[in-house]
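> Residue numbers (the numbering used here): 1268 to 1418.
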Amino acid sequence: MSSSISLSMVNWPVTDVSARLASHDAVVCVAGLTGCDTQVARAVATLSYAERERHAAYTNGIVARRFAIGRALLREILGCVLGVAPDRIPLCEGVHGKPALGGAWRARPLWFSVAHCEDLLLVALSRTSDVGIDLERSRSIEQWERVADRV
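1. Which residues share a DSSP beta bridge with Glu-1318?
2. Tell me whether Val-1348 is buried or exposed, calling it buried when 16 or more other Cβ atoms sit within 10 Å of its Cβ.
3. Using only the alpha-carbon positions, how far apart do Leu-1402 and Val-1381 sit?
4. Closer than 7 Å by C-beta to Pro-1366: which residues in its own chain qualify, once you throw out the five before and the five after it? Chain order, please.
5. Using the DSSP secondary-structure output, state which residues sit across from Val-1294 in a beta bridge.
6. Are the beta-carbon atoms belonging to Val-1277 and Val-1294 less than 9 Å from one another?
7. On the three-state DSSP scale, how would you describe Ala-1382?
8. Thinking C-alpha only, which one of Ser-1285, Arg-1321, Arg-1394, Val-1281 is nearest Asp-1292?
9. Under DSSP, the beta strand (DSSP E) around Leu-1368 begins and ends at which residues?
10. Since Leu-1358 is in the beta strand (DSSP E), which residue starts that stretch and which ends it?
11. Within 10 angstroms of the Cβ of Glu-1343, are there 16 or more other Cβ atoms? Answer buried if so, exposed if not.
12. Using the Cα positions of Ile-1356 and Ser-1285, report the straight-line distance between them to the nearest angstrom.
As structure tokens, this is what we get:
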């Protein structure tokens, strides 16, 4: 017996993420991680104290920019789903640094996973079960047989 999973993929921003989650097992939001200095400043303003410290500690400006915009977009997406302002979303670090909802929001039936590569961000969301997503840049691997055997 096979079961199918209903998936919706959207370019962020959209306003109907909650409605999509009500009718799909998972929703994947796709967004870019580029932005001007004004957008980065706005993104940093939504971050928690710990996230702002992490942002300030990056020595690579491109990585810092991607982190700030990515974390702000994650807060935006979760805020849209939960009906809360992005800067009010309590995020904590879960296993291996994976972002997770903190505080009273932990008990909510909402799972999410974040992946980013270069200037692209994916956020997978589900109200039915835990989700995971990954994103890798396409590149040739010289010893692909060894990687395939190991993985």
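Every residue gets a Cβ at the ideal spot worked out from N, C-alpha and C, and that includes glycine.
Quick look at the numbers:
1. BP columns for Glu-1318 are empty, so no partner.
2. Buried.
3. Roughly 9 Å between the two C-alpha positions.
4. Within the same chain, Pro-1366 has close Cβ partners Leu-1341, Leu-1358, Glu-1360, Val-1381.
5. Val-1294 is bridged by DSSP to Ser-1275, Leu-1392.
6. Contact: yes.
7. Looking at Ala-1382 - three-state DSSP - the assignment turns out to be strand.
8. Selected option, being the one with the closest Cα: Arg-1394.
9. Note, Leu-1368: beta strand (DSSP E), 1366-1368.
10. Note, Leu-1358: beta strand (DSSP E), 1358-1360.
11. Per the 10 Å Cβ criterion, buried.
12. Distance between the alpha carbons of Ile-1356 and Ser-1285 is about 16 Å.
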